[in-house]
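Heads up: the structure comes next, in structure tokens.
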Amino acid sequence: MKVVIDTLGGDYAPFEIIKGAVNAQKKHDDLSLILCGKEDEISECLGKLKYDKTRIEIVSAPDLISNDEIPTVAIREKKNSSLAVAFDILKKDDDVIGLVSAGSTGAILTGGFLKIGRIKGVSRPTLCPFLPTKKGGYVLVADCGANMDCKPINLCHFALMANEYYKERFGKENPRVALLNVGTENHKGNDLCHQVFPLMQQLDINFVGNMEARDIMSGDYDVVIADGFAGNVLLKSTEGALKIMMGEVKKSIKSNFFARLASVFMLGAFKNLKKTYDFNSYGGSPFLGCKKLIIKSHGSSKAKAIEVSIDEIITLKNKNLNYRIEKAIENAKINIEE
């Protein structure tokens, strides 16, 4: 099996991206890599690493799609960009099971939608990251930015897809699915929430009602459903709060001698805390609902995050996730009109 990598996407491209891909290759004897980007830069980076040359292919794609470009225009017109070429390979080569990129989120979502296409029955794909919870588990957010304006059918499909993903990824048979809202009462929310709530109750999922944003990491929920606008605000706000919290912990430790002395005895706890909230440990977010597996890694991803993202693609392929999503949509016990 093969995975195609956009080596130009991300703040630490291309070396960290290539290093992470090579590290993943070392773990999987049946994995081959296709590296898209500037050929000379890729060769230079590989020259600093030990790898199996028989399982790496370099494809010249010297152009970069930046975050400032209009995604739909860039994907269509920048045919020699690393991301566009990677999508072309993903679409045409049956042996290529997935794509990993830390590049422009908009361009990745556009490429997945336009070039790869949707699984049969899926109204819209969804970007679905997960966050750690205080109880030691994980919570998914679907959608977190792929679809800013949604219809009720879209959120219902997000719920069905994320439910299957959680079951296969974390091995929990009956995940608790909630709807992001401004209160837990059934009557709360905007018009979209009012329409979606009764539809969620009819789906073959463990729908537990509304969830307030402050409870996202409580551990009381496994999957949270939202339109892309609200979901992205939720995710970014949570990331920002965690970043500030970690900064304040560091500041407090450095505030005086006794705090620094006490911190020596808590090094293990601080390391565990940092690891828990380090996105590099979790890889990227799957773009659920496309015909092939796509992982959007964080723009600041280093080698570990890329390695884990490739591991994720292999895991989801082995779990036959796309087939399970297709069957879940097909067997939905509700007639939702678009």
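Numbering (our numbering), first residue to last: 779 to 1116.
Cβ atoms here follow ideal geometry from the backbone N, Cα and C, with glycine treated the same way.
Beta-carbon proximity check, G788 vs S1075, cutoff 8 Å: As a position in the sequence shown, residue 788 is number 10, starting the count at 1. As a position in the sequence shown, residue 1075 is number 297, starting the count at 1. Going by C-beta atoms, G788 is nearer than 8 Å to S1075.
Using DSSP with H/G/I as helix, E/B as strand and the rest coil, what is K780? Numbered from its first residue, the sequence shown carries residue 780 at position 2. It is a strand residue.
Among all the DSSP beta bridges, which residues are the ones paired with E990? Along the sequence shown, read from residue 1 onward, the residue named residue 990 stands at position 212. DSSP lists N959 as partners of E990.
For F948, which residues from the same chain have a beta carbon less than 7 Å from its beta carbon, with the 5 sequence-adjacent residues on both sides left out? Working through the sequence shown from its first residue, we reach residue 948 at position 170. Same-chain partners within the cutoff: Y916.
Would you call Q979 buried or exposed, if buried means 16 or more other Cβ atoms sit within 10 Å of its Cβ? Position 201 of the sequence shown, counted from the first residue, corresponds to residue 979. When all chains shown are included, Q979 counts as exposed.
Between V782 and I894, how many whole angstroms is the CB-CB distance? I'm expecting something under 8 Å. Residue numbering aside, residue 782 sits at position 4 when the sequence shown is read from its first letter. Residue numbering aside, residue 894 sits at position 116 when the sequence shown is read from its first letter. With a Cβ gap of about 12 Å, V782 and I894 do not count as contacting.
Within 10 Å of its beta-carbon, does S1033 have 16 or more other beta-carbons around it, so buried, or fewer, so exposed? Taking the first residue of the sequence shown as 1, we reach residue 1033 at position 255. The residue in question, S1033, is exposed, as its Cβ has fewer than 16 Cβ neighbours within 10 Å.
Host alpha helix (DSSP H) of P953 (start-end): For the purposes of this step, residue 953 is taken as residue 175 along the sequence shown, with counting starting at 1. P953 -> no alpha helix (DSSP H), and no H or E assigned at all.
Can the beta-carbon of L918 be found closer than 8 Å to that of C906? Taking the sequence shown and counting its residues from 1, one reaches residue 918 at position 140. Taking the sequence shown and counting its residues from 1, one reaches residue 906 at position 128. Closer than 8 Å, so yes.
In this structure, how does DSSP classify A852 when only helix, strand and coil are distinguished? Reading the sequence shown from its first residue, position 74 is the one you call residue 852. Helix at A852.
How would you call R902, buried or exposed, if buried means at least 16 neighbouring beta carbons within 10 angstroms? Start at 1 with the first residue of the sequence shown, and residue 902 comes out as number 124. Under this definition R902 is a buried residue.
Beta-carbon proximity of K797 to L842, cut-off 8 Å: In the sequence shown, the residue the question calls residue 797 occupies position 19. In the sequence shown, the residue the question calls residue 842 occupies position 64. The answer is no: Cβ separation not under 8 Å.
Please classify M1023: is it buried, with 16 or more other beta-carbons within 10 angstroms of its beta-carbon, or exposed? As a first step, residue 1023 must be located in the sequence shown, where it is residue number 245. Result: exposed.
How long is the line joining the alpha carbons of N941 and A1040, rounded to whole angstroms? The residue given as residue 941 occupies position 163 in the sequence shown. The residue given as residue 1040 occupies position 262 in the sequence shown. When rounded, the distance between both Cα atoms is 43 Å.
Helix, strand or coil: how does DSSP classify G889 here? Within the sequence shown, numbered from 1, the residue matching residue 889 stands at position 111. Residue state, collapsed to three classes: helix.
Length of the line joining the Cα atoms of L813 and T785: Mapped onto the sequence shown, residue 813 falls at position 35. Mapped onto the sequence shown, residue 785 falls at position 7. Cα to Cα, L813 sits roughly 6 Å from T785.
Y1101: first and last residue of the uninterrupted alpha helix (DSSP H) it sits in: Numbered from its first residue, the sequence shown carries residue 1101 at position 323. It spans 1099-1108 - the alpha helix (DSSP H) in which Y1101 sits, taken as one unbroken run.
Ignoring anything shorter than 3 residues, give me the beta strand (DSSP E) runs that lie fully in the region 816-874, in order along the chain. 834-838
Do you know how far the Cα of E794 is from the Cα of K1082? Here residue 1082 is taken as the residue at index 304 of the sequence shown, counted from 1. Here residue 794 is taken as the residue at index 16 of the sequence shown, counted from 1. Cα-Cα distance, rounded: 8 Å.
Determine the burial state of V1042: buried for a count of at least 16 other Cβ atoms within 10 Å of its Cβ, exposed for fewer. Here residue 1042 corresponds to residue number 264 of the sequence shown, with the count starting at 1. Burial call: exposed.
Express the C-alpha separation of V974 and I931 in angstroms, rounding to a whole number. Numbered from its first residue, the sequence shown carries residue 931 at position 153. Numbered from its first residue, the sequence shown carries residue 974 at position 196. Distance between the alpha carbons of I931 and V974: 8 Å.
For Y999, name the three-state secondary structure that DSSP assigns. The residue you call residue 999 lines up with position 221 of the sequence shown. Looking at Y999 - three-state DSSP - the assignment turns out to be coil, as it is neither helix nor strand.
Cβ neighbours of S1030 in the same chain (closer than 7 Å, five flanking residues each side left out): Counting from 1 along the sequence shown, the entry for residue 1030 is found at position 252. Excluding residues within five positions, the ones whose Cβ falls inside 7 Å are A1037.
Return yes when the Cβ of G997 is within less than 8 Å of the Cβ of K945, no when it is not. One-based indexing of the sequence shown puts residue 945 at position 167. One-based indexing of the sequence shown puts residue 997 at position 219. Cβ distance not < 8 Å, so K945 and G997 don't count as in contact.
Answer yes or no: do A880 and G1067 have a C-beta to C-beta separation smaller than 8 Å? Translated into positions along the sequence shown, residue 880 becomes position 102. Translated into positions along the sequence shown, residue 1067 becomes position 289. Against a cut-off of 8 Å, the Cβ pair of G1067 and A880 comes out as no contact.
Restricting to Cα atoms, I'd like to know which of I1072, S1079, A1110, V1086 is closest to L1099. If you number the sequence shown from 1, residue 1099 lands on position 321. Here the closest residue by C-alpha is I1072.
Using three-state DSSP, classify S1075 as helix, strand or coil. Here residue 1075 is taken as the residue at index 297 of the sequence shown, counted from 1. In this structure, S1075 counts as strand in the three-state DSSP scheme.
Spatial neighbours of K1095 within its chain, please: C-beta separation below 8 Å, excluding the five flanking residues on both sides. In the sequence shown, counting from the first residue as 1, residue 1095 sits at position 317. Correct list, in chain order: M779, I875, G876, L1071.
Between A802 and E1085, which are expected to be in contact by the criterion C-beta below 8 Å, what is the C-beta distance as a whole number of angstroms? In the sequence shown, the residue the question calls residue 802 occupies position 24. In the sequence shown, the residue the question calls residue 1085 occupies position 307. That pair is a contact at about 5 Å.
Could you name the residues of the same chain whose beta carbon sits closer than 6 Å to that of A885, not counting the 5 residues immediately before and after it, in chain order? Within the sequence shown, the letter at position 107 stands for residue 885. I843, P849, A852, I853, L861, listed in sequence order.
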